[in-house]
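S.K.: If you read the protein sequences in the order shown, they are chains A and B.
According to this note's numbering, the first sequence is numbered sequentially starting from 2.
According to this note's numbering, the second sequence is numbered sequentially starting from 2.
Note that the Cβ used here is the ideal one computed from N, Cα and C, for glycine as well.
Bear in mind the structure is a predicted one, so any value in this text is a computation, not a measurement.
Below is one structure. I have some questions about it.
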Amino acid sequence: MSLLSSFKSLRLEGVSRDFGVVNALRDLTLEIKRGEFIALLGPSGCGKSTALNCIAGLLPTTRGQIMLDDKRIDTLPTEDRGFGMVFQNYALFPHMTVRANVGFGLKMRGVSKAEAAPRVEQAIRTVRLDTQAHKLPGHLSGGQQQRVAIARAIAIDPPLVLMDEPLSNLDAKLRLEMRQEIRRIHQSLGCITIYVTHDQDEALSLADRIVVLRDGTIRQVGAPEDLYARPAHLDVAEFMGFRTRIAGRVQAKDGNRVQLAVSGTTLDGVVQEALTGDAAIAAIRPDDLVPVAPDAHGIDGVVEAIEYRGRDFFGQARTKGGDELFFRSEQRLAPGASVRLGAEPHRVLVYPGA
Amino acid sequence: MADAIPLRARLAAKGLDGVTLLVLPAAALLLALFLYPFGYGLWLSFRPKDGSLLGNYARFFSDPFLYDTIFTTLALAVPVTIVNLLFAVPVAFRVRLMRHQRLLTTILVLPITLGTVLVAEGMLNYFGPQGWFTRALVSTGLFNASSIKLVHNYWGVFLSLLITGFPFTFLLTLSYVTGIDPGLEQAAATLGARAAERFRHVFLPLLVPGLAITFCLSFVQAYSVFPSAVLLGAPAGPTRVISIAAYQAAFEEYDYSLASAIAMIMGAVQLVVVVAVLALRNLFYRGPAAGAKG
Chain A
2 MSLLSSFKSL
12 RLEGVSRDFG
22 VVNALRDLTL
32 EIKRGEFIAL
42 LGPSGCGKST
52 ALNCIAGLLP
62 TTRGQIMLDD
72 KRIDTLPTED
82 RGFGMVFQNY
92 ALFPHMTVRA
102 NVGFGLKMRG
112 VSKAEAAPRV
122 EQAIRTVRLD
132 TQAHKLPGHL
142 SGGQQQRVAI
152 ARAIAIDPPL
162 VLMDEPLSNL
172 DAKLRLEMRQ
182 EIRRIHQSLG
192 CITIYVTHDQ
202 DEALSLADRI
212 VVLRDGTIRQ
222 VGAPEDLYAR
232 PAHLDVAEFM
242 GFRTRIAGRV
252 QAKDGNRVQL
262 AVSGTTLDGV
272 VQEALTGDAA
282 IAAIRPDDLV
292 PVAPDAHGID
302 GVVEAIEYRG
312 RDFFGQARTK
322 GGDELFFRSE
332 QRLAPGASVR
342 LGAEPHRVLV
352 YPGA
Chain B
2 MADAIPLRAR
12 LAAKGLDGVT
22 LLVLPAAALL
32 LALFLYPFGY
42 GLWLSFRPKD
52 GSLLGNYARF
62 FSDPFLYDTI
72 FTTLALAVPV
82 TIVNLLFAVP
92 VAFRVRLMRH
102 QRLLTTILVL
112 PITLGTVLVA
122 EGMLNYFGPQ
132 GWFTRALVST
142 GLFNASSIKL
152 VHNYWGVFLS
162 LLITGFPFTF
172 LLTLSYVTGI
182 DPGLEQAAAT
192 LGARAAERFR
202 HVFLPLLVPG
212 LAITFCLSFV
222 QAYSVFPSAV
232 LLGAPAGPTR
242 VISIAAYQAA
252 FEEYDYSLAS
262 AIAMIMGAVQ
272 LVVVVAVLAL
282 RNLFYRGPAA
292 GAKG
């Protein structure tokens, strides 16, 4: 409540969490400013939910500190942190109406009924559930339940809202709608939102900054544009949709630009992570790899599958050497046909190879 | 008619097919071993020795030696059931979080397999005047031997019902407790609810329907107490439970008609309590105890 008006930032300082001998989270260090929307992105098991639960206080940390400005909070029990949390399965109280669910946090804080009522109504209006406020959660659709969960989390005016894959149980259309809704609510509150997801589209569209986690460690932190265009490591690139990966050897190097020898031809690209030897891997997004004229420079492959996407086609081909190529095509190519694929050099990212 | 739907298909549409026949043995058994004896007992209870229709019931409710057994039994069964529930809920809450849940559950359930008579014998030795428990208490110097009387009275039966009834109550309670989505507690915690508030506002309302069922089943079990009331109690006085009255009518007076009437009264009392508890349950939320979809 009063925290919201005063706090400036949340700092994670070397936050770690071990489960037995497994390091689920290693040295998570991050400063988040008030008003920021942070996405923790990574495949399942990367430690993103562990991080969220540590911040919420649902899991004790093994090492490190969590600071809200100068106040250490990782030693506080969950109920004293005052963060709003939206759970993956919503965790609505099934025996309480929407209104009682949303008002629960205020009631627990001892806010008087007269003072709480308008705040509850405000939270319910924010998620546009005015007409459903008297219902039990069991009588609401998945999307509506999701909104109740959000309203319940924001009704206490938390300095921090934590969301654990809140959209993963919704269908695709609702997911898009709720995504905008969440962004809108975040902007109207001016708090910090930490959003856990394994869906890079969600992270890219929602977050001010994305934290990519893998095996419990931070791989890259950056604005969506940075991550999308310049993933720092190959695994981040894979996660960001650079599906084509071709192993090659460095043939020529000029500053950041390199030429790789790959399956009988050459490929020009930009080094993203310092190369340690001769071996390198080129990563290309399907949208940047397109069929070129048979006499142009490119990689040859045989089409294996082609998929209609509406505006264009998404194709899958394989080189003689066995590398898989994922590309975009204006035409429907027949499976089994030969194709020569090319990409702009600055769209080809080069990482150290094995 | 050529296009008539075959009888077999029509029956199957109504849920009658070959598989339905598998119900028959159980139905026959139920009929022979439960419904018929019950009906016969009910009929018998209206055929007293004096020839009137309600003679047995009139006799039961005019003789305090008989009708008091209703309250004697209630005075045992209700407190025992409540105490059992009060013990079972916290233990279930703890066990729910344990990793070696099965081991502890096995230990707690063991008394069920022992049977009431064995427990009674054990208790006679343990709690009796020369038992370890009594002697240990006396050796502390705080009690004298004559003030400790834990067998052959109300408390003997009370303790034995507690011991034999707890595993059952506990197992039922545990199944209801573990049926509650642990996410609800976490959600309540993030909203600022302390442990006691989480229990009161989240767990308890969701548990009440299950606890009501547990109460009913445990109560019915305790109300039909017989062996321990005889072995550990004072069957002539303070623990003259209703089943003893029925037993005496049947096998000491050889008045099967009166015994049947007492059995019917016993069933009616249990039914009244169960219906009352279930009616109270309807005042609470009774939906799923998980966070709905997801």
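(1) Apart from the five residues just before and just after A/Lys136, which ones in its own chain have a Cβ nearer than 7 Å to its Cβ?
(2) Give the DSSP-derived three-state secondary structure of B/Glu186 in the structure shown.
(3) Measure from the alpha carbon of A/Arg176 to the alpha carbon of each residue in A/Asp269, A/Thr198, A/Val259, A/Asp131, then state which is nearest.
(4) When DSSP builds the beta bridges, which residues end up paired with A/Pro160?
(5) Run through chain A and tell me which residues come within less than 7 Å of B/Val203, C-beta to C-beta.
(6) How about B/Arg9: is its C-beta nearer than 8 Å to some C-beta of chain A?
(7) Going along chain B, which residues have a C-beta under 7 Å from A/Phe8?
(8) So which residues of chain B does A/Ala57 contact, with C-beta pairs closer than 7 Å?
(9) Can you tell me where the beta strand (DSSP E) holding B/Lys15 begins and where it ends?
(10) State buried or exposed for B/Thr74, treating a residue as buried only when at least 16 other CB atoms are found within 10 Å of its CB.
(11) Are the Cβ atoms of A/Ile125 and A/Ile155 separated by less than 8 Å?
(12) Do A/Phe314 and A/Pro287 have their C-beta atoms closer together than 8 Å?
(13) Whether or not the stretch 167-178 of chain B and the stretch 79-93 of chain B are in contact is what I'm after, with contact meaning three or more pairs of Cβ atoms, one per stretch, closer than 8 Å; do they touch?
(14) Could you tell me which chain A residues have their CB closer than 8 Å to the CB of B/Gly288, listed as they occur along the chain?
(15) Show which residues of chain B have a CB atom less than 7 Å away from the CB atom of A/Met109.
(16) Mind checking whether B/Gly42 and B/Met265 have CB atoms under 8 Å apart?
(17) Give the straight-line distance between the Cα atoms of A/Arg220 and A/Leu350, rounded to the nearest whole angstrom.
(18) Please go through the same chain and pick out, in chain order, the residues whose beta-carbon is closer than 7 Å to the beta-carbon of A/Gly270, but skip the five residues on each side of it.
(19) Can a CB atom of chain B be found closer than 8 Å to the CB of A/Glu80?
(20) Could you compute how far the alpha carbon of B/Ala146 sits from the alpha carbon of A/His96?
(21) Helix, strand or coil for A/Met241 per DSSP?
(22) Find the residues of chain A that neighbour B/Pro206, judging by a C-beta separation of less than 9 Å, and give them in chain order.
(23) Can you list, in chain order, the residues of the stretch 30-50 of chain A whose Cβ is nearer than 7 Å to any Cβ on chain B?
(24) Roughly how many angstroms lie between the CA atoms of A/Ile157 and A/Gly106, to the nearest whole one?
(25) Just the C-alpha distance for A/Ala208 and A/Ser50, rounded to the nearest angstrom, thanks.
(26) Find the residues of chain B that neighbour A/Phe105, judging by a C-beta separation of less than 8 Å, and give them in chain order.
(27) Could you tell me the alpha carbon to alpha carbon distance between A/Asp19 and A/Ala52, rounded to whole angstroms?
(28) Say whether chain B places a C-beta atom closer than 8 Å to the C-beta of A/Gly302.
(29) Which residues, in order along the stretch 191-206 of chain A, keep a beta-carbon less than 9 Å from a beta-carbon of chain B?
(30) What are the start and end residues of the alpha helix (DSSP H) that includes A/Arg176?
(31) Touch check for the stretch 231-241 of chain B and the stretch 154-171 of chain B: three-plus C-beta pairs under 8 Å?
(32) Please report how far the alpha carbon of A/Arg27 lies from the alpha carbon of A/Leu228, in whole angstroms.
(33) With respect to the alpha helix (DSSP H) encompassing B/Pro168, which residues constitute its N-terminal and C-terminal limits?
(34) Any beta carbon from chain B within less than 8 Å of A/Gly83's own beta carbon?
(35) To the nearest angstrom, report how far apart B/Pro168 and B/Gly184 are at their CA atoms.
(36) Return the residue from the list B/Asn283, B/Val273, B/Thr165, B/Gly132 that minimises the CA-CA distance to B/Leu109.
M.R.: According to the structure data:
(1) Excluding positions up to five away in sequence, the list reads Thr98, Val99.
(2) DSSP, read as helix, strand or coil, puts B/Glu186 in helix.
(3) A/Arg176 has its Cα closest to that of A/Thr198, out of A/Asp269, A/Thr198, A/Val259, A/Asp131.
(4) Residue pairing by DSSP places A/Pro160 in no beta bridge whatsoever.
(5) The answer, in chain order, is Phe94.
(6) So no, B/Arg9 is outside the interface.
(7) Per Cβ cutoff of 7 Å: no residues; A/Phe8 is ~17 Å from chain B at best.
(8) What A/Ala57 touches in chain B: Thr191.
(9) Note, B/Lys15: premise wrong, no beta strand (DSSP E); not H, not E.
(10) Around the CB of B/Thr74, 16 or more other CB atoms lie within 10 Å, so the residue is classed as buried.
(11) In this structure, A/Ile155 does not lie closer than 8 Å to A/Ile125 by Cβ.
(12) In this structure, A/Phe314 sits away from A/Pro287, with a CB-CB distance that is not shorter than 8 Å.
(13) In the pairwise beta carbon analysis, the stretch 79-93 of chain B is classified as touching the stretch 167-178 of chain B: at least three pairs are separated by under 8 Å.
(14) Counting only Cβ-Cβ distances below 8 Å, B/Gly288 has contacts in chain A at Pro95, His96, Leu137, Gly139, in chain order.
(15) Under the 7 Å cutoff, chain B gives Leu192, Gly193, Ala194, Glu198.
(16) Yes, Cβ-Cβ distance for B/Gly42 and B/Met265 is below 8 Å.
(17) Taking the straight line from one Cα to the other gives about 17 Å.
(18) Shown here for A/Gly270: same chain residues with a beta carbon closer than 7 Å to its own, the five before and five after excluded, namely Val259, Leu261, Ala283, Pro346, Val349, Leu350, Val351 in chain order.
(19) True, the Cβ-Cβ gap to chain B drops below 8 Å.
(20) Approximately 53 Å, taken between the alpha carbons.
(21) Of the three classes helix, strand and coil, the one that applies to A/Met241 here is coil, per DSSP.
(22) Neighbours of B/Pro206 on chain A, chain order: Phe94, His96, Met97.
(23) Here the close residues number zero.
(24) CA-CA distance, A/Ile157 to A/Gly106, rounds to 6 Å.
(25) About 17 Å.
(26) In chain order: Ala189, Leu192, Ala194, His202.
(27) Each residue's alpha carbon lies about 11 Å from the other.
(28) Closer than 8 Å: no.
(29) Going along the stretch 191-206 of chain A in chain order, one finds no residue with a Cβ nearer than 9 Å to chain B.
(30) That run of the alpha helix (DSSP H) goes 173-190.
(31) Counting Cβ pairs under 8 Å, three or more are found: they touch.
(32) The alpha-carbon atoms of A/Arg27 and A/Leu228 are separated by roughly 21 Å.
(33) Note, B/Pro168: alpha helix (DSSP H), 155-179.
(34) Yes, its Cβ sits closer than 8 Å to a Cβ of chain B.
(35) Note on geometry: alpha-carbon atoms of B/Pro168 and B/Gly184 lie some 27 Å from one another.
(36) Of the candidates B/Asn283, B/Val273, B/Thr165, B/Gly132, B/Thr165 places its Cα closest to the Cα of B/Leu109.
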